[in-house]
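> First residue of the sequence shown: 78, per our numbering; consecutive thereafter. I'd like to ask some things about the structure below.
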Amino acid sequence: MDLPIEGMTCSACVTHVERALSKVPGVAKAEVNLVTKRAVVMLEAPVDRATLAQAVEKAGYEVPAPQASEVVLSVRGMTCASCVGRVEKALAAVPGVEAATVNLASERATVRAVDVPVATLIAAVTEAGYEAAALEASKASRSDVLAEAEAREDRTNRRDFVVAATLTAPLLVIAMSHGAIPGTDGPIARWAQLALATPVIFGAGRRFFSGAWSALRHGTANMSTLVALGSFAAFAYSLVALVFPQAFPHGEHGVVPHLYFEAGAAIVTFVLLGKLLEARARRRLSDAVRGLVGLTPDRAHRLRDGKVEEVSVDLLAVGDLVVVRPGERVPADGAIVEGQSALDESMLTGESLPVDKGEGDAVYGGTLNASGALTVRLTGVGEETALARIAQAVERAQGSRAPIARLADVVSAYFVPIVVGLALLTFAGWMLVDPSDLSTAIERFVAVLVIACPCALGLAT
78 MDLPIEGMTC SACVTHVERA LSKVPGVAKA EVNLVTKRAV VMLEAPVDRA TLAQAVEKAG
138 YEVPAPQASE VVLSVRGMTC ASCVGRVEKA LAAVPGVEAA TVNLASERAT VRAVDVPVAT
198 LIAAVTEAGY EAAALEASKA SRSDVLAEAE AREDRTNRRD FVVAATLTAP LLVIAMSHGA
258 IPGTDGPIAR WAQLALATPV IFGAGRRFFS GAWSALRHGT ANMSTLVALG SFAAFAYSLV
318 ALVFPQAFPH GEHGVVPHLY FEAGAAIVTF VLLGKLLEAR ARRRLSDAVR GLVGLTPDRA
378 HRLRDGKVEE VSVDLLAVGD LVVVRPGERV PADGAIVEGQ SALDESMLTG ESLPVDKGEG
438 DAVYGGTLNA SGALTVRLTG VGEETALARI AQAVERAQGS RAPIARLADV VSAYFVPIVV
498 GLALLTFAGW MLVDPSDLST AIERFVAVLV IACPCALGLA T
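Quick look at the structure:
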């Protein structure tokens, strides 16, 4: 079973999802691909999609609902309104069908369904005593859905980083000038630091707090836990020092304790920058796969009963005859039954020169017909074409992990609690050395949290 997963950001997330799916009774193995954001689940016993989705959501991630597609069928043999009712009832009884509307005058049935093959719908109509054939289908492809999700993620990452960087830059100037710039060391400047840091940490960085809370609810810890703890510790200390400065015996600058608003904001800003760059790198990998898949045309000229009709490639089946005109791409794998031409197969072989083809020769989906018209009998469609298998192999290669990466995943599972423990020990140690210097202890506590990130460990491998 194939599941889309949303909310993953690093290899530690992949490990969490795989572990959650593997614990579901009936699941033999689960493999998660961070690039394509999908999980392939191998079952040893029947498990429904809702159960797997629930396990993923309990781990703190999301499984988006499958998108419905609309299929139009030509239905023959109907004579009255009762026929319409029987066809609609037969279609509605198919699992996954959301709605079915039949028009007696046009002899067409419009079906809205989720993950239901067209052949299943045709079989349902046939069992009801009528003849059916597919006319057209409208469905967002997996690559289109993934591209839309990646574009949405890129917009969110860019927006959050721009907001964070825009506010953090003046915050750093105020905090790091130490009074060298006039007006940066007074009460107004200190309150300005609070005003600048708050939207960065709790606005642009809200994802880290929601991620940390989700992990905490499920008894785990991740990169968001470290970022949230580090930025919040710096913010909370600075807020107390700003509102109640008398609570601190002394500060670095006279009687005013030092503030660390800029530390919390900088943490969020730099991690957001890393996420932006990482997401764009993954998107470039995905674009390579989509570039392969995009070579297949969306429409094809199917030859049926001596007539050529233009149909969606989703409606093609093995054994269909298709006409490929000069300048068109072959819609699916097949063998030439009539015609001769030269085909550009560079997308498969890398050879730039066209290859001469004649009757009986094999042709492949996505290749370009350079000269003569061809009639091709299809031998492989959809996911069974050579081009689709190449794209699948690339996706598997992108999602595979080296042994050292698997070791990093195991280490990262224990990494966060160890880091939090070390940060607390660091804080306690500095307080033992100088109980009056709380600001230094807080600073060291935050530093230990933010320099140790499981995502960095995963990316490094």
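All residues carry an ideal CB built from backbone N, CA and C; glycine is no exception.
What residues are listed by DSSP as bridge partners for ASN446?
For ASN446, which the question treats as bridged, DSSP gives the partners LEU420.
> With which residues is HIS378 paired in a DSSP beta bridge?
Looking at the DSSP assignment, HIS378 forms a beta bridge with GLU387 and VAL400.
> Report the residue from MET155, ARG284 and ARG153 whose alpha carbon sits nearest the alpha carbon of TYR138.
Checked all of MET155, ARG284 and ARG153; the closest Cα to TYR138 is ARG284.
> Going straight from the alpha carbon of GLY404 to that of ASN234, what length do you get?
Near 41 Å, if we compare the C-alpha coordinates of ASN234 and GLY404.
> The alpha helix (DSSP H) spanning ALA201 covers which residue range?
That run of the alpha helix (DSSP H) goes 195 to 204.
> Tell me, please, whether the region 192 to 209 touches the region 138 to 157 by the rule of three or more beta-carbon pairs shorter than 8 Å.
With a cut-off of 8 Å, the region 138 to 157 and the region 192 to 209 count as touching, because enough Cβ pairs lie within range.
> On the DSSP bridge list, what partners appear for SER151?
Paired residue(s): ARG185 and ALA210.
> When you compare only the Cα positions, how much space is there between HIS330 and LEU129?
Legend: pLDDT at HIS330 = 47, less than 50; position of this residue unreliable, no value from coordinates given.
> To the nearest angstrom, report how far apart GLY282 and ALA241 are at their CA atoms.
Near 8 Å, if we compare the C-alpha coordinates of ALA241 and GLY282.
> Can you have a look at CYS90 and say buried or exposed, based on whether 16 or more other CB atoms are within 10 angstroms of its CB?
Counting Cβ neighbours within 10 Å, CYS90 comes out buried, since at least 16 surround it.
> Taking the alpha helix (DSSP H) that GLU134 falls in, what are its first and last residues?
That run of the alpha helix (DSSP H) goes 126 to 135.
> For the alpha helix (DSSP H) that contains GLU121, what are its first and last residues?
It is not in any alpha helix (DSSP H) - GLU121 carries neither H nor E in the DSSP assignment.
> Could you give the first and the last residue of the continuous beta strand (DSSP E) run that contains LYS166?
That residue, LYS166, is in no beta strand (DSSP E); its alpha helix (DSSP H) goes 158 to 169.
> Any contact of the region 452 to 468 with the region 391 to 411, i.e. 3+ C-beta pairs under 8 Å?
With a cut-off of 8 Å, the region 391 to 411 and the region 452 to 468 count as touching, because enough Cβ pairs lie within range.
> Is it right to say ILE495 is buried, meaning 16 or more other beta carbons lie within 10 angstroms of its own, or is it exposed?
Exposed, since its Cβ has fewer than 16 Cβ neighbours within 10 Å.
> With H, G and I counted as helix, E and B as strand and the rest as coil, what does DSSP make of ASP237?
DSSP places ASP237 in helix when its eight states are reduced to three.
> Here's the rule: buried if 16 or more other CB atoms are within 10 angstroms of the residue's CB, otherwise exposed. What is PRO102?
Counting Cβ neighbours within 10 Å, PRO102 comes out exposed, since fewer than 16 surround it.
> Tell me the DSSP bridge mates of ASP511?
For ASP511, which the question treats as bridged, DSSP gives no partner whatsoever.
> Ignore the nearest five residues each way along the sequence and tell me which others in ARG185's own chain have a CB closer than 8 Å to its CB.
Closer than 8 Å at the Cβ level, and outside the excluded window around ARG185, lie VAL149, LEU150, SER151, VAL152, VAL179 and LEU212.
> Short check: CB of VAL523 to CB of ALA310, under 8 Å?
Yes.
> Take the Cβ of THR156 as the centre, count every other Cβ of all protein chains shown within 10 Å, and call the residue buried at 16 or more, exposed below.
Result: exposed.
> Terminal residues of the continuous beta strand (DSSP E) containing THR456?
Its beta strand (DSSP E) spans residues 451 to 457.
> Pick out whichever of LEU98, ALA342 and GLY442 has its Cα sitting closest to the Cα of GLU121.
GLU121 has its Cα closest to that of LEU98, out of LEU98, ALA342 and GLY442.
> Would you kindly check if the distance between the Cβ of ALA377 and the Cβ of VAL390 is under 8 Å?
Yes, these two residues count as a Cβ contact at 8 Å.
> Can we say the region 414 to 422 touches the region 438 to 451, given the rule of at least three CB pairs closer than 8 Å?
Touching, yes, given that three or more Cβ pairs across the two stretches are closer than 8 Å.
> Are the beta-carbon atoms belonging to ARG379 and LEU393 less than 8 Å from one another?
Closer than 8 Å, so yes.
> Tell me the rounded alpha-carbon separation between PHE239 and ALA228.
Before going on, a small fix: residue 239 reads as Val here, not Phe. Computed Cα separation, rounded: 16 Å.
> Give the secondary structure of LYS352 by DSSP, where H, G and I count as helix, E and B as strand, and everything else as coil.
Residue state, collapsed to three classes: helix.
> Taking Cβ to Cβ, would you say ALA145 is nearer than 8 Å to ALA190?
Result yes, Cβ atoms of ALA145 and ALA190 sit closer than 8 Å.
> At a cut-off of 7 Å, is HIS335 close to the ligand ZN when judged by its beta-carbon and the heavy atoms of the ligand?
Here there are no bound small molecules, and the ligand ZN is not part of this structure.
> Where does THR542 land, buried or exposed, given buried means 16+ other C-beta within 10 angstroms?
It is not possible to answer for residue 542, since the shown part of the chain is limited to 78 through 538.
> Based on DSSP bridge pairs, tell me the residues matched to ILE413.
For ILE413, which the question treats as bridged, DSSP gives the partners VAL453.
> Which residue marks the beginning of the alpha helix (DSSP H) containing THR92, and which one marks its end?
It spans 88 to 99 - the alpha helix (DSSP H) in which THR92 sits, taken as one unbroken run.
> Among ARG357, LYS106 and THR373, which one has its Cα closest to the Cα of VAL458?
The residue with the shortest Cα to Cα distance from VAL458 is THR373.
> In whole angstroms, what separates the C-alpha of LEU515 from that of LEU336?
Spanning the two alpha carbons is a distance of roughly 12 Å.
> Just the C-alpha distance for SER159 and TYR207, rounded to the nearest angstrom, thanks.
Near 13 Å, if we compare the C-alpha coordinates of TYR207 and SER159.
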